[in-house]
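J.:
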Amino acid sequence: MMSSPVEQRPPRLLTPGIQEQTPAYFCRLLWHYIDALPMEGVAVSHELHFFIRQEACHCRLACVQDGPRYHHRWDMQLFSATDLLPTEIIVYTVGERQIMCLPEELPALQAHYGD
477 MMSSPVEQRP PRLLTPGIQE QTPAYFCRLL WHYIDALPME GVAVSHELHF
527 FIRQEACHCR LACVQDGPRY HHRWDMQLFS ATDLLPTEII VYTVGERQIM
577 CLPEELPALQ AHYGD
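Per my numbering, the very first residue in the sequence shown carries number 477; after that it's consecutive.
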């Protein structure tokens with residue numbers, strides 16, 4: 477499975493599904509959100525789920541993880557009504573590597589990395 481490197485600290489990758497279905501600015505926004513979680517006292521688990529409901533430019537997001545338990549919702553406006561987002565994005569952490577993927581890509585990543 478090929479992934480595209482994004483940043484080096486921590487090592488971050490985007491799967492092909494994310495690259496095809498998600499605008500780059502939105503991926504960067506999620507990486508910045510994840511970077512801010514430890515400053516809020518939230519430890520990021522090995523699977524962080526972003527659930528997305530979109531109506532044109534308006535977007536409602538929920539960030540959810542099970543352990544440690546975390547749930548946060550917020551609304552935002554997208555730059556363009558033509559930007560169509562997936563309904564769910566997962567950030568899968570293996571060691572220090574973080575991989576942004578679609579739900580259907582997660583099983584292959586888990587098999588590849590032995591989770």
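Ideal Cβ placement from N, Cα and C applies to all residues, glycine included.
These figures come from a predicted structure and were not determined experimentally.
Give the straight-line distance between the Cα atoms of residue 543 and residue 567, rounded to the nearest whole angstrom.
T.: When rounded, the distance between both Cα atoms is 14 Å.
J.: Name the DSSP beta bridge partners of residue 526, please?
T.: Answer is 539 and 565.
J.: Between residue 527 and residue 540, is the Cβ-Cβ spacing less than 8 Å?
T.: Yes. Within cutoff.
J.: Which stretch, first to last residue, makes up the alpha helix (DSSP H) that contains residue 504?
T.: Segment 500–512, the alpha helix (DSSP H) holding residue 504.
J.: Confirm, please, whether the CB-CB distance from residue 499 to residue 572 is below 8 Å.
T.: No.
J.: Measure the Cβ-Cβ separation of residue 569 and residue 522 and say whether it is below 8 Å.
T.: It is a contact, given that the beta carbons lie within the stated cut-off.
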